[in-house]
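Residue numbers (the numbering used here): 1 to 98. For every residue, glycine included, the Cβ atom is placed at its ideal position computed from N, Cα and C. What you are looking at is a predicted structure, and each value in this text was computed from that prediction instead of being measured. These notes are about the structure you will find just below.
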Amino acid sequence: MRLMPALLLLAACASPSPGMFGAIRDEVTKGGIRFVVYHAGSRAEVVRMGYLTRAERAPVPRLMEEAAAEVTGCRVVSNSMVTQIPGDTGVAWFDLDC
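Following this line, the structure appears as structure tokens:
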């Protein structure tokens with residue numbers, strides 16, 4: 001039972017993928033959804049925070065792109081969004097034009 005608070009605390013955190021270790025971390029809310037954005041050079045990793053039903057996920061890719069652009073101040077390269085799982089709205093990577 002002592003581990004439960006620690007596990008809940010860790011579940012609320014976002015950490016970057018290994019390729020983004022050392023990147024700048026920012027948070028932004030778009031469309032009522034909180035995102036954590038890691039950015040380094042010409043790459044950004046966007047992590048969606050919180051649970052969404054399948055029906056609520058439709059606008060997320062566009063909101064992730066907007067979050068990356070807002071936080072970095074760079075233009076997101078068109079069609080550069082990559083996810084580990086096709087259609088995943090939890091984590092995405094974008095190329096930036098700064």
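Expressed to the nearest angstrom, what Euclidean distance is found between the alpha-carbon atoms of G87 and Y38?
Here the C-alpha atom of G87 lies approximately 20 Å from the C-alpha atom of Y38.
What distance in whole Å lies between the Cβ atoms of V82 and W93, which are believed to be in contact at a cut-off of 8 Å?
With 8 Å as the limit, W93 and V82 qualify as a contact, their Cβ atoms being about 5 Å apart.
What span of residues does the beta strand (DSSP E) with L52 cover, start to end?
Segment: none, L52 is in no beta strand (DSSP E) and carries neither H nor E.
Do A44 and T72 come within 8 Å of each other at the CB atom, strictly closer than that value?
Yes, the pair counts as a contact, with Cβ atoms nearer than the cut-off.
So if DSSP puts D95 in a beta bridge, which residue, or which two residues, is it bridged to?
Its beta-bridge partners are R43.
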